[in-house]
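This report concerns only the one structure given below.
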Amino acid sequence: MKIFLRIFAVFTLLFVFGVSLQAAKFSKMSQNPQLIQEGDTKMWCGICGMNLKMFYKTSHAVILKDGTKKQYCSIRCLAVDYPNIKDKIKEILVADAKSDKLIPAKKAFYVVGSKVPGTMSRVSKIAFASKKDAQDFVKKYGGEIVDFDIAFKMAKGSLKKDIAMVQNKKRKMMYPKGKMIYKKMCKEDIDKSKFKNIAQLKSYILKSGVCGNVKGKKLQALALYIWEVKGNDNKEQKLRISVPKKAKCPVCGMFVSKYPRWAAEVVTKDNKKLYFDGVKDMFKFLLDPNKYGYENLKVKRVLVTDYYHQVAIPAKRAYYVIGSDVLGPMGNELIPFKYKKDAKTFLKDHKGKKILRFKEIDQKVIEELE
């Protein structure tokens with residue numbers, strides 16, 4: 018029986034691995050994309066800035082009544098822009114994944130939910146000019162065949178969740194990378210108000226050379242930082258816990274200013290501010306203040322730092338993930354979030370054990386983290 022189970026497990030792994038390889042073989046890139054936008058920005062999606070050549074197999078386009086042509090990396094970005102253009106649209110086009118030609122979206126056969134990853138969304142939506150091509154695709158990659166109206170309804174219906182998913186990825190990876198490139202490479206300040214969309218911004222960065230020879234993913238990260246984050250930095254800074262340079266954690270004695278992304282703050286009734294280099298140490302203090310020389314402690318306010326957004330949030334309203342693979346300055350940590358959806362995403366991405374609220378965190382929870 019054990020031998021049978023082992024053989025079954027091996028075949029299961031081979032099947033899953035084979036499916037993954039098969040899905041990986043499908044490329045969204047086109048060597049001969051049909052780009053209908055005009056000018057220096059024709060290579061990029063005006064909504065997200067993605068390279069249209071790299072994501073051409075999911076590309077959509079619109080021709081407006083005044084002759085203006087706009088192109089998107091995906092049906093998701095079309096859905097984002099749709100409220101702004103719905104009364105101006107003359108025709109909606111989509112790339113035929115077989116021929117790479119733009120065809121009327123209303124006549125296309127869409128395969129949704131295949132094993133091929135979505136573009137800017139959880140669920141992929143890939144179009145074909147013929148039903149047979151769509152059926153052949155389904156045999157290889159799975160999914161179901163629907164028309165444009167259904168595919169677009171699905172895209173609009175999942176828009177909030179898809180935007181949240183993309184934003185989380187940008188906060189964790191693209192924004193920090195873009196900020197680093199901006200500070201290191203850019204020779205002058207770039208004012209995003211001079212550009213109508215992110216595609217124009219990318220074109221300027223390339224043509225002007227103001228940030229050196231930055232291309233590809235680095236260019237995307239840089240443009241996203243300038244377009245979506247830069248300018249809000251000062252505003253966000255005001256929302257963060259301002260830690261004095263020489264402030265030490267009452268629990269471990271470490272300089273808290275060295276770890277701003279983990280900072281927590283306790284304000285007493287007499288307005289004394291205490292700073293901590295992590296939520297774990299903050300709870301150690303609050304659960305037993307006498308141990309640290311604060312008898313009859315009366316607390317006025319407690320703040321922690323949201324892990325994704327890096328802003329100060331009330332500790333009693335936060336959601337805390339424990340047991341993840343992310344370590345703080347003092348090792349295993351309680352990772353705080355303002356929004357439950359963010360906590361759930363983090364829990365899944367980083368192998369967390371559970372989500373707790375402020376009142377659920379006691380001495381036993383802290384001991385488990387030690």
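Just so you know, our numbering puts 296 at position 279 of the sequence shown, and the rest follows in order with no gaps.
We put the beta carbon where it would ideally sit given N, CA and C, even for glycine.
Taking a contact to mean a Cβ-Cβ separation below 9 Å, would you say residue i touches residue j in this structure?
i      : j      : result
Val231 : Met202 : yes
Val111 : Ala122 : yes
Phe375 : Ala329 : no
Lys275 : Asp294 : yes
Leu314 : Pro331 : no
Phe212 : Tyr221 : yes
Ser341 : Leu364 : yes
Tyr309 : Lys265 : no
Glu385 : Ile352 : no
Asp179 : Gly135 : yes
Asp150 : Ala181 : no
Lys286 : Val316 : yes
Lys118 : Ala78  : no
Val129 : Gly160 : yes
Leu223 : Leu236 : yes
Val268 : Val260 : no
Ser131 : Val155 : yes
Val133 : Phe43  : yes
In the DSSP assignment, what residue or residues form a beta bridge with residue i?
i      : result
Lys87  : Val79
Ala112 : Leu119
Phe72  : Its beta-bridge partners do not exist; DSSP assigns none.
Phe126 : Phe145
Arg318 : Val284
Pro353 : Tyr337
Phe272 : Lys265
Gly348 : Gly345
Leu386 : BP columns for Leu386 are empty, so no partner.
Glu161 : Val129
Lys371 : Ile339
Tyr292 : Glu282
Pro331 : Leu320
Ile106 : Leu81
Trp244 : According to DSSP, Trp244 bridges with nothing at all.
How would you call residue i, buried or exposed, if buried means at least 16 neighbouring beta carbons within 10 angstroms?
i      : result
Met190 : exposed
Asn214 : buried
Thr75  : buried
Arg139 : exposed
Ile383 : buried
Thr447 : What the structure shows of the chain is the stretch from 18 to 387, and residue 447 is not part of that stretch, so it cannot be assessed.
Lys87  : buried
Gly174 : exposed
Asp166 : exposed
Ser210 : exposed
Gly282 : Reading the sequence as shown, one finds Glu at residue 282 and not Gly. So Glu282 ends up on the buried side.
Glu312 : exposed
Lys368 : exposed
Pro306 : buried
Lys219 : buried
Gln152 : exposed
In chain order, what residues of the same chain lie with their CB nearer than 7 Å to the CB of residue i, ignoring the 5 residues before and after it?
i      : result
Gln380 : Leu304
Lys187 : Leu241
Lys70  : Met46, Ser47, Pro50, Met60
Met137 : Cys65, Cys90, Ser91, Arg93, Cys94, Asp179, Val183
Trp279 : Asp294, Gly295, Thr322, Gly345, Pro346
Lys252 : The predicted model places Lys252 with a pLDDT of 49, which falls under 50 and marks its position as unreliable, so this point remains unresolved.
Lys301 : Val268, Ile383
Lys262 : Ser274
Quick one: residues in its chain with C-beta nearer than 6 Å to the C-beta of residue i, no 5 flanking neighbours on either side, listed in chain order?
i      : result
Lys204 : Val227
Tyr127 : Lys142, Ala144, Val163, Ala168
Gly195 : Ala238, Leu239, Leu241, Tyr242
Gly348 : none
Asp359 : Tyr325
Ile120 : Asp113, Ala146
Lys148 : Phe126
Tyr337 : Leu351, Pro353, Leu373
Ala172 : Ile92, Arg93, Ala96
Ile80  : Lys86, Lys107, Glu108
Gln54  : Lys86, Gln88
Met271 : Asp294
Which same chain residues end up closer than 8 Å to residue i when comparing Cβ atoms and leaving out the 5 residues on each side of it in sequence?
i      : result
Glu377 : none
Ala125 : Val111, Asp113, Ala144, Phe145, Ala146, Asp164, Phe165
* Assess, as a yes-or-no matter, whether the stretch 103-119 is touched by the stretch 54-66 under the definition of 3 or more beta carbon pairs within less than 8 Å. => no
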